[in-house]
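In terms of the numbering used here, the sequence shown opens at residue 130 and continues consecutively.
Here is the structure we will look at.
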Amino acid sequence: MRAATAVVELLRSEGVDRVFGNAGTTELPLLAEVAGAPDLSYVLGLQEASVVAMADGYARATRRPAFVNLHVAAGLANGLANILNALRSHVPLVVSAGQQDLRHLDQDPFLAADLVTLASPVCKTAVEVRCAADVPMVLRRAFRDAAVAPAGPVFVSLPMNLLQEEVGSELPARSALPVPGPAGGIESAAATLRAAAAPALVIGDGVAREDAVEEAVALAEALGAAVYQQPFADGVGFPPRHPLFRGALEPVNATIARALSDHDVVLIVGTHAFAAHYYTPSAAVPPNVTLLQLDSDAAEVGRNYPVAHALVGGLRPSLQALTLAVSGDELPAQAHRGAGQTRVTASAGVAPNGGCLDVRAAAAVLAAALPERAVVVEEAVTSAAALRHALAPDRPGTYHRSAGGGLGWGVGAAVGFALGSPGDPIVAVLGDGAAMYGIQGLWSAAHEQVDVTFVVLNNRRYNALRVGLSRLGLDIDPDTVPGVDLSAPVIDWLMLARSLGVAAVRVDGKDDLHMAVAETVTGAGPRLIDVPLME
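So, in structure tokens, the structure goes:
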């Protein structure tokens with residue numbers, strides 16, 4: 130069979146049912162094969178950043194690697210920010226791009242570039258196939274590498290001439306993925322935790338990714354340990370209304386150190402220690418703290434701060450073993466096991482019946498209006514804290530954001546979630562600035578007729594810059610700083626959404642917002658709600 134045919138057959142064997150792409154001439158041999166595969170849908174994005182974001186959401190929803198096909202150097206470059214987001218959030222993607230014909234690649238043909246060098250900084254691995262016979266093996270390896278901890282994006286460059294060559298009839302078989310067991314050194318780590326006077330846990334995104342939230346709760350309860358969540362968390366790693374929960378750490382070393390200084394022993398689980406944003410000269414870990422770290426990625430353990438116990442293994446079995454070693458008994462009963470997502474009522478916010486809302490009021494109304502099973506995809510940077518406080522999501526998989534920091538993820542990711550989790554109400558809560566980075570994704574939402582409610586929290590500015598001025602202690606009127614104001618000209622969200630095929634409405638106060646959300650999450654395709662916020 131031809132290499133392009135082998136690619137399609139291999140995708141089927143990996144359980145792939147969708148190709149997320151924005152293709153060009155170098156991808157035509159593969160597109161021709163996809164066209165003849167009725168079981169393989171092609172999900173078109175109008176810009177590559179949206180394509181990668183859709184694949185990211187789909188991979189998170191289905192919990193298996195998603196396949197992306199981009200167009201040579203320019204298409205790959207357009208997708209890099211969201212590939213970086215996938216790397217930081219450990220989302221398994223196999224990202225491919227068509228390369229120019231190898232027979233004249235050294236002559237610098239149109240569109241060609243060193244794709245491997247371009248992709249390498251934001252991917253686990255990157256490779257260009259140089260022999261048609263290697264196409265199946267390289268792709269099989271890519272799916273394995275994307276899924277094995279730490280999961281993440283893998284890049285494969287596919288020269289267009291190789292896709293038309295013969296590769297034989299046999300595909301390499303799939304290998305079983307390794308199942309990580311408990312870390313070594315559990316007993317000695319447990320002894321340190323048992324001897325602690327004021328222990329604490331720092332819970333990272335890996336806990337939810339590895340289905341270990343219940344186990345983290347069990348260990349915290351066995352120790353009576355305070356629990357913090359990592360800065361810039363991308364999901365639900367610990368029930369926020371649990372009495373041991375102390376909230377998310379701020380992305381500033383000095384404030385992290387102040388929080389951890391109340392403890393003598395701290396166990397970090399499943400996160401990079403620590404993702405600070407604003408610089409302070411102090412270290413995040415005080416000298417009086419004995420640090421333990423557990424991760425399925427050996428490269429993270431002890432990477433930035435020395436640890437007394439370095440635990441490398443699967444988070445779920447390791448936390449189970451730690452809890453048994455700490456308690457010396459059966460696992461404690463979990464009061465929060467299987468608990469539903471807690472909602473607060475709209476009355477918790479200070480929301481006027483008409484006019485612009487403040488962000489806390491808007492968050493409270495959203496929390497009251499969303500159904501229990503709603504999946505929230507959030508890219509609302511400066512509104513995120515108020516939203517998470519109001520929603521208090523306590524079930525993994527019900528709240529997602531990107532930990533990568535690159536804007537333009539939310540619109541496309543919500544479309545991907547809807548494709549991967551049909552039947553669940555998907556609600557994307559977006560800042561107006563962030564939404565504009567990936568607005569082309571609305572067209573894909575309309576084209577695929579997914580049931581997504583896009584809520585734009587519209588403050589008409591890049592508010593993160595205003596917050597940053599305060600953080601950095603810069604004494605300047607924020608209204609005089611260039612690059613902040615988005616109000617001149619005013620973005621007409623209704624016209625913009627409708628031009629891309631998405632129905633849209635602007636709300637006026639809490640009652641309007643509640644009604645709009647309640648109506649749109651019942652289905653009938655994508656809808657956008659423009660929520661003007663107070664200055």
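For each residue, glycine too, the CB sits at the ideal point set by N, CA and C.
Along the chain, where does the alpha helix (DSSP H) containing residue i start, and where does it finish?
i           : result
residue 449 : 444-456
residue 566 : 561-566
residue 371 : Premise fails: residue 371 is in no alpha helix (DSSP H) and is neither H nor E.
residue 595 : 592-600
residue 385 : 382-389
residue 438 : No alpha helix (DSSP H) contains residue 438, which is instead part of the beta strand (DSSP E) from 438-441.
residue 336 : 334-338
Is DSSP giving residue i helix, strand or coil here?
i           : result
residue 228 : strand
residue 137 : helix
residue 510 : helix
residue 181 : helix
residue 580 : coil
residue 158 : helix
residue 658 : strand
residue 479 : Any answer about residue 479 is weak, because its pLDDT of 44 lies below 50 and its placement is not dependable; what the coordinates show is given next. In this structure, residue 479 counts as coil in the three-state DSSP scheme.
residue 214 : helix
residue 286 : strand
residue 653 : coil
residue 199 : strand
Return the first residue and the last residue of the beta strand (DSSP E) that residue i is part of.
i           : result
residue 170 : 170-173
residue 424 : 419-424
residue 258 : Taken as a continuous stretch (DSSP letters only), residue 258 belongs to no beta strand (DSSP E), as it is neither H nor E.
residue 356 : 355-358
residue 150 : 147-150
residue 635 : 632-635
residue 397 : 394-398
Taking the beta carbon of residue i as the centre, do at least 16 other beta carbons fall within 10 Å, making it buried, or is it exposed?
i           : result
residue 609 : exposed
residue 512 : buried
residue 408 : exposed
residue 650 : buried
residue 233 : exposed
residue 417 : exposed
residue 451 : buried
residue 616 : exposed
residue 602 : exposed
residue 582 : buried
residue 374 : buried
residue 219 : buried
For the putative contact between residue i and residue j, defined by C-beta atoms under 8 Å, what is the C-beta separation to the nearest angstrom?
i           : j           : result
residue 311 : residue 447 : 5 Å
residue 587 : residue 622 : 7 Å
residue 379 : residue 360 : 6 Å
residue 366 : residue 332 : 4 Å
residue 629 : residue 571 : 4 Å
residue 421 : residue 396 : 4 Å
residue 595 : residue 613 : 6 Å
Quiz item: Would you call the segment 220-228 and the segment 281-289 in contact, with 3 or more CB pairs under 8 Å?
Solution: yes
Quiz item: So does the segment 391-402 actually touch the segment 336-355, counting three or more Cβ pairs closer than 8 Å?
Solution: yes
Quiz item: Is it a yes or a no for the segment 286-306 touching the segment 433-441, going by three-plus beta-carbon pairs under 8 Å?
Solution: no
Quiz item: Just checking, does the segment 205-221 make contact with the segment 176-188 on the three C-beta pairs under 8 Å criterion?
Solution: yes
Exercise. Examine the Cβ distances between the segment 513-522 and the segment 539-548 and report whether three or more of them are shorter than 8 Å.
Key: no
Practice problem: Could you tell me whether the segment 153-172 touches the segment 527-534, using the rule of 3 or more Cβ pairs below 8 Å? | Solution: no
Quiz item: Looking at C-beta atoms only, is the number of pairs between the segment 135-144 and the segment 211-220 that lie closer than 8 Å three or more?
Solution: no
Practice problem: Take every Cβ of the segment 560-576, pair it with every Cβ of the segment 483-493, and state whether three or more of those distances are shorter than 8 Å. | Solution: no
Quiz item: On the three-pair Cβ rule with 8 Å, is the segment 192-199 touching the segment 147-163?
Solution: yes
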